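The opening position of the sequence shown corresponds to residue 1 in the UniProt record's numbering, with each subsequent residue numbered one higher.
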Amino acid sequence: MSKSILIVDDASFMRMMIKDILTKNGFEVVGEAENGKKAVEKYEELNPDLVIMDITMPEMDGIQAVKEIKKMNGEAKIVMCSAMGQQTMVIEAIQAGAKDFIVKPFQADRVIEAVKKVLA
Numbered sequence: 001m002s003k004s005i006l007i008v009d010d011a012s013f014m015r016m017m018i019k020d021i022l023t024k025n026g027f028e029v030v031g032e033a034e035n036g037k038k039a040v041e042k043y044e045e046l047n048p049d050l051v052i053m054d055i056t057m058p059e060m061d062g063i064q065a066v067k068e069i070k071k072m073n074g075e076a077k078i079v080m081c082s083a084m085g086q087q088t089m090v091i092e093a094i095q096a097g098a099k100d101f102i103v104k105p106f107q108a109d110r111v112i113e114a115v116k117k118v119l120a
């Protein structure tokens, strides 16, 4: 059975890139959201196996969204994405409950490695 994944990023081309990498590797992308607020709503609606979440977004950032999702489901699996130089935010995201992080620009093998590790 393929694992369902929700992709959250305010840049549509980033969502498209991640979706492309995941679907080519047999994962099912069940939803996309462009900010943290929508991510929380979509998580509740879709209950995906994994969320790939950007940190810096409008309305609600990724860290706040991680906290909200973790309140709904303590077992939620979340992988954060961040641009270079956001180490403090990555640490904050991990403390909030994220399981791993990938750095932009993405390398397909690193995305798949993080996803497989977290879903294992």
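C-beta: ideal position from N, C-alpha, C; glycine also. Keep in mind it's a predicted model, so treat the numbers as computed, not measured.
- Distance from the CA of G26 to the CA of S2, rounded to the nearest whole angstrom, comes to 7 angstroms.
- Taking L22 as reference, the option from L50, A11, K42 with the minimal CA-CA separation is L50.
- With contacts defined by Cβ atoms closer than 8 angstroms, F106 and A93 do not form a contacting pair.
- In chain order, A96, G97 place their CB closer than 8 angstroms to the CB of K67, counting only its own chain and leaving out the 5 sequence neighbours on each side.
- By the C-beta density criterion, S12 is exposed, having fewer than 16 other C-beta atoms within 10 angstroms.
- Collapsing the DSSP output to three states places G31 in a strand.
- The Cβ atoms of V79 and K99 lie closer than 8 angstroms to each other.
- The shortest CA-to-CA distance from P58 to any of A33, G74, K42 is the one to A33.
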